[in-house]
Amino acid sequence: MYICLVNIHGLLRSENIEMGRDADTGGQTRYVLEMVKELSTHKDVTIDIMTRRIQDKRVSNDYSKKFEEISDNCRIVRLACGGKKYVRKERLWPELDEFVDNMVEFFRQQKKIPDVVHGHYADGGYAAREVARIFGIPFVFTGHSLGRNKLSYLTSAGTSEEKLKQYYHIHERIRHEEYSIRDADMVITSTEFERDELYKDYEHKKEANFCVIPPGVDLNSFFPYYHYEIQDPSITEDQKMAQYELLQKLQRFHLTPEKPVILALCRPERRKNIDLLIDVYGNSKELQAIANLAIFAGIRDDINAMEEGEKQVLTDMLLLMDRYDLYGKMAIPKHHNPFTDVPEMYRIAAMRKGVFVSAAALENFGLTFIEASATGLPFVATNKGGVKDIEKNCSSGILVDVDDPKQLEKAIRKILTDEETWTKLSEQGIQNTRNVYSWSVHTQTYLKELEKIISEYHSDAKQSKVNQKIGKRIGRIEKFLIVDIDDTLTGDSDSLNELKGILREKRNSLGFGVATGRDLESARAILDELNMPSPDVLITSVGTEIYYGPDFNQDKGWSHYIRRRWYPERVYNALDKFPELERQPENGTQREFKVSYFVKEGTYHKDLPPAMHTKLDAEKCGYNLIVSQDAYVDVIPYRSSKGNAIKYFAWKWSLDLKDVFTAGDSGNDLDMLSGAMKSIIVSNHEKKLDKLKKSRKTYFSSKAHAAGIIDGLEHYKIL
2 MYICLVNIHG LLRSENIEMG RDADTGGQTR YVLEMVKELS THKDVTIDIM
52 TRRIQDKRVS NDYSKKFEEI SDNCRIVRLA CGGKKYVRKE RLWPELDEFV
102 DNMVEFFRQQ KKIPDVVHGH YADGGYAARE VARIFGIPFV FTGHSLGRNK
152 LSYLTSAGTS EEKLKQYYHI HERIRHEEYS IRDADMVITS TEFERDELYK
202 DYEHKKEANF CVIPPGVDLN SFFPYYHYEI QDPSITEDQK MAQYELLQKL
252 QRFHLTPEKP VILALCRPER RKNIDLLIDV YGNSKELQAI ANLAIFAGIR
302 DDINAMEEGE KQVLTDMLLL MDRYDLYGKM AIPKHHNPFT DVPEMYRIAA
352 MRKGVFVSAA ALENFGLTFI EASATGLPFV ATNKGGVKDI EKNCSSGILV
402 DVDDPKQLEK AIRKILTDEE TWTKLSEQGI QNTRNVYSWS VHTQTYLKEL
452 EKIISEYHSD AKQSKVNQKI GKRIGRIEKF LIVDIDDTLT GDSDSLNELK
502 GILREKRNSL GFGVATGRDL ESARAILDEL NMPSPDVLIT SVGTEIYYGP
552 DFNQDKGWSH YIRRRWYPER VYNALDKFPE LERQPENGTQ REFKVSYFVK
602 EGTYHKDLPP AMHTKLDAEK CGYNLIVSQD AYVDVIPYRS SKGNAIKYFA
652 WKWSLDLKDV FTAGDSGNDL DMLSGAMKSI IVSNHEKKLD KLKKSRKTYF
702 SSKAHAAGII DGLEHYKIL
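So, in structure tokens, the structure goes:
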């Protein structure tokens, strides 16, 4: 199984993740890395993690390497997206199509397509969804932090609508989360709470195939605190050094370092309620007498250089420390190593019979609670959110209503003063995390679920056989001819009969395809009427639909690919107002990806196309506008056209474009008659095509209709 995971933002490398450096280097990054490391132990699995390539003096050179091997069957692949500088994830939204294109190009170059693509976070979901559509492969989505929840939080915090749009791109994020939920073959959540509550306001929730798979914890790093006491020989010198250095840091702050530790570990965000924990501690003389407070709130050098929200949280922490005169009792270290120091933080607190505390009002999941429990450190947390699953599975903490500071203080005090409670919670945490929250359990479940969706995705045996048959035939073909129908194939029955004979005679070396503005039904009818050989590929409705073989099986990957930014209602809003235009009939000519109009007789003028462009642009449509014979108007998705459909077809079936020959006569054939393909323009062509006369890859035949096609094939030495 070849799995591609997409984790675009953050600083991702195989070792020494810069956890807590900023909002983009949180638990999601560790989740992805630890997950793939465990996946790589399955030798029948190959994994690529796609992330952004960064070349920036402000960050490590590690992030500029295009490839980074994690193991023999797992690597990080870094692709360009939005320039070279490291920027926060919200600024990448306008650049994500570049990432998609580079993923597509990467798979094309290596000539290997994943069996499944798995997007992490909203931006990774967007890229994975697009790639899945292009290749026609299953798509899996893990949202991690969801936009609707963040919007609710930011709105309640008084964030302006302008900042929501310009800084957070929050509405765009939510829109694409909706699409990912709708299109994903599986949506993975960490808890039942996340599935039932955090996704409940999404319109497409009912359509989603949810699967609850709790993440794991690295049990080699988060081993029980008492392993030091029994002098476990597997403990490395690096781990011992990390613990020693952390103890030295804490001693700089704590006058009586032998006391139990109330430990908090989180990013400096307002919603983490760090100020509430300090208030509880500062107002409780008993807690101050019993224990020291240690808060690891991200990594910083200079508070003034941090983002405004983080700067405010850290400043408030210092002010509260001063207000309650917590000098000698409260530690707020500036730096820690997320890989080596975090496990030692928990173990130091556990050795001193301390407690891990989060005062956040809501925990979507709470990986830190699992980590603390795995080392034997009990926790206190909110009774809302995903941590409820952790408490139910591990029985290693106490849940409280954090809106009531007295409850929070009471729970902390109980764990610190009741030795029996502390020991019971500690032992249960150590045992139960290993039964429920190991990466081994996670990946076994994950792979089973992937096997299901991959099997279901390819369960249509008929389609599979068709694709195999098409691929086998196309693989034998040396050259490919793709032609327009009206006035190119048609118009001269004698030369058409000659062309049909050539196509049948050379069937084993010359493939035959049709690209037309007609819809499928009309194209099939005219081809039957003409008694044409069955085309290998039939591109219809001005390049918006692709069909294969005698049974005309539709290419769903192409449909997925061109769907992006296609809003037909906006097209109608823009063009219905033109008095020169009249909608073509709904039955047949209007298609899912094609909006069509007649130009009323005698009303066409040279300013009409520019005026249509202006209106369509104002509606923010992603479109191609095609005007044919000054009488027909077609609007199609911006990624589609006859030429683009031919290129997609050639790419999908590994055809070299220099071996693809096209023939046509009209303006809507323009893009399939230009570019990398060699083209034949019959003599009865529209004047619009005269602009191609300077092209070396275009042959203007002196003969009309099918005779011109034959003439062109002779010119290119196909005959």
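Be aware that the sequence shown starts at 2, since it is given in the working numbering, and climbs by one per residue.
We put the beta carbon where it would ideally sit given N, CA and C, even for glycine.
Assign residue i to buried or exposed, taking buried as 16 or more other Cβ atoms, counted over all protein chains shown, within 10 Å of its Cβ.
i, result
"PHE701", "buried"
"GLY476", "exposed"
"THR26", "buried"
"MET242", "exposed"
"TYR127", "buried"
"LYS354", "buried"
"ASN509", "exposed"
"GLU311", "buried"
"GLN252", "exposed"
"ASP233", "exposed"
"ALA632", "exposed"
"THR47", "buried"
"LYS653", "buried"
"GLY159", "exposed"
"ILE231", "exposed"
"ARG697", "exposed"
Could you name the residues that DSSP lists as bridge partners for residue i?
i, result
"ASP635", "SER597 and ILE627"
"ILE540", "ALA516 and ILE547"
"ILE48", "ILE4 and CYS75"
"ALA298", "CYS267"
"PHE68", "VAL78"
"LEU400", "ALA382"
"PHE340", "In the DSSP output, where bridge partners are listed per residue, PHE340 has none listed."
"PHE357", "LEU264 and PHE380"
"LEU582", "VAL600"
"GLU364", "GLY386"
"GLN555", "TYR548"
"ILE189", "CYS212"
"MET318", "DSSP output for MET318 lists no bridge partner at all."
"MET331", "LEU294"
Just the C-alpha distance for residue i and residue j, rounded to the nearest angstrom, thanks.
i, j, result
"ARG564", "GLY623", "10 Å"
"ILE719", "LYS90", "52 Å"
"HIS265", "MET104", "Looking at the sequence itself, residue 265 is Ala, so the reference to His does not match. Each residue's alpha carbon lies about 39 Å from the other."
"GLU178", "GLU204", "10 Å"
"ARG435", "GLU428", "12 Å"
"ASP317", "ILE275", "9 Å"
"THR422", "LYS330", "24 Å"
"ALA24", "CYS267", "10 Å"
"TYR328", "MET322", "7 Å"
"ILE333", "PHE254", "8 Å"
"GLY283", "GLN289", "7 Å"
"SER378", "VAL356", "A quick correction: the sequence has Leu, not Ser, at residue 378. In a straight line, the C-alpha of LEU378 is about 6 Å away from that of VAL356."
"ASP57", "GLU246", "30 Å"
"LEU40", "HIS686", "58 Å"
"VAL7", "PHE650", "25 Å"
"ARG571", "GLU583", "16 Å"
"ASP495", "PHE594", "36 Å"
"LEU690", "LYS616", "26 Å"
"LYS206", "GLU308", "34 Å"
"ILE483", "ALA306", "60 Å"
"ASP102", "TYR438", "36 Å"
"SER157", "ARG272", "11 Å"
"LYS621", "PRO611", "15 Å"
If residue i sits next to residue j, beta carbons under 8 Å apart, how far is it from one beta carbon to the other, in whole angstroms?
i, j, result
"ASP219", "ARG149", "Incorrect: roughly 31 Å between the Cβ atoms, too far for contact."
"ASN669", "ILE627", "5 Å"
"MET678", "ILE647", "7 Å"
"ARG76", "ARG53", "About 15 Å separates the two Cβ atoms, so there is no contact after all."
"GLY514", "ILE135", "Actually they do not touch by this definition, with Cβ atoms about 20 Å apart."
"TYR548", "LEU521", "7 Å"
"GLY502", "ILE478", "Not really, about 18 Å apart at Cβ, beyond 8 Å."
"SER641", "GLY518", "Incorrect: roughly 12 Å between the Cβ atoms, too far for contact."
So with Cβ pairs under 7 Å, would you call residue i a contact of chain D?
i, result
"GLY120", "Of the protein chains in this structure there is only one, and it is not chain D."
Length at least 3, wholly inside the stretch 113 to 156: the beta strand (DSSP E) runs in chain order: 117 to 121 and 140 to 143
Contiguous beta strand (DSSP E) assignments of at least 3 residues, all confined to the stretch 477 to 537: 480 to 484 and 511 to 516
Alpha helix (DSSP H) segments (min. 4 residues) lying fully within the stretch 206 to 254: Entirely contained in the stretch 206 to 254, the alpha helix (DSSP H) runs reaching 4 residues are, in chain order, 238 to 254.
Within the stretch 642 to 718, ranges of the alpha helix (DSSP H) (whole runs, at least 4 residues): 643 to 653 and 706 to 716
Unbroken stretches of the alpha helix (DSSP H), 4 residues or longer, contained in the stretch 152 to 184: 162 to 167 and 171 to 184
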